[in-house]
Structures are given as C-alpha cells and as structure tokens.
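In my numbering, the protein residues as written are 65 to 261.
Step one of this worksheet: look at the structure below.
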C-alpha cells in the first residue's frame, strides 16, 4: 500500500535543450531512468507523467515497476501535468495521505534528499513540504498533504503548484538544499558542465 506516492513530471518538450532531455545520458542511464530509480528507492508507488516524446520515452521504461500517465495537454504547461498525475494517484492509490512531486531534470535530488521531505511530513496536518530556493522562493520538489489533492487536480496552464504554495504559505515547511543539489539540466551548456559529476 502506497501512502505517499511520488509523481515525476517528465512531459515537457525541452525546447531550450533542443532535444528530449529526458533521454539524455546521465552516468550509465538516461535522466528519466535516473529519476525513476531515485523515486523507487523510497518504496512507494511512482507515477510518471509523459507528454512530448511520449512513445519514444515509454519504450525505454518497460522494465520499471511504475505507473505511466499520458498528458495530451502537455503543451499547456506543467499545471496540466500535475493535475493529470494527481488524478491518477487518487484513482490508483485512494489511500494516499499525500503526494511527492518532483522533476526529471533535477538529477542531484537523490533518495536521501527526498527522504528529508518524508521525515518532515506529519499526516493530517495540512502540510506542504517545499523546496526553499533563493530569494525566499518556494517550489517543487514538494510533498503535498492529501487535503490539497482537489486543488492540485484543478491546476491548469495559468496556475501551477507555485501559486498553491503561495496561497498556503502558512502551512509550508521549506527545506533548504545546497544550490548544487537544485541544478536544472535545461540547456546544453548546463548538461555538458554537470554530466560527468
């Protein structure tokens, strides 16, 4: 029984990268395989939202015990992927007490980092455990209590998780990480810099 499933967002087109960054080599795997394996280390169900390059990516994931969600509206933004993913969590894990949302292009968020969200979470406290970025900005990766599921399923192209976090700032517990942990692999230059680390 998965009470705190993980939702990996991997539906974007990677326009700044110029190719599917989900399938870029990262050590001996691809970025998306690395992110999935990290999530599976938590011994919870892992849901993966695909959109752009869905067929190509799906072929690479046959061996993983994951639940794949296809978002046909991926071009409308990350909010639609969160909404579809959380809807699937509700259907397939009705007992879920929360959901951890993370991104396929942040490979330095490892199982140990994710565990810090889980250890900070208290059931039924209406919590959002968020990542603390610079300039007091909070965002995903984040762990949302199930009381936010309805709001998460209504996100759209105009409203993402950040807005929900902002509206519920009083219920947020921000977790700081070193800047190096929060690197986004979103351009060829950044990829070349970090791929051998």
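Using N, Cα and C, we set each Cβ at its ideal position, and we do this for glycine too.
Where DSSP assigns a beta bridge to residue i, which residues make up the other side?
i, result
"residue 90", "93"
"residue 144", "Paired residues: none, contrary to the question."
"residue 236", "192"
If the criterion is Cβ atoms closer than 8 Å, does the pair residue i and residue j meet it?
i, j, result
"residue 249", "residue 91", "no"
"residue 121", "residue 96", "yes"
"residue 208", "residue 162", "yes"
"residue 168", "residue 87", "no"
Do you know whose CA, among the options, lies nearest residue i's CA?
i, options, result
"residue 181", "172, 169, 231 and 165", "165"
"residue 80", "253, 259, 89 and 257", "253"
"residue 185", "251, 226, 239 and 256", "239"
"residue 151", "69, 101 and 251", "69"
"residue 137", "114, 246 and 243", "114"
DSSP state of residue i, grouped into three classes?
i, result
"residue 71", "strand"
"residue 254", "helix"
"residue 165", "strand"
"residue 131", "strand"
"residue 211", "helix"
"residue 65", "Because residue 65 sits at a pLDDT of 46, beneath the cut-off of 50, its placement in the model cannot be relied upon, and the following sentence gives the value as read from the coordinates. Coil, per DSSP."
"residue 241", "coil"
"residue 112", "strand"
Using the beta-carbon count (16 or more within 10 Å), is residue i buried or exposed?
i, result
"residue 220", "exposed"
"residue 135", "buried"
"residue 67", "exposed"
"residue 145", "buried"
"residue 127", "exposed"
"residue 194", "buried"
"residue 233", "exposed"
"residue 179", "exposed"
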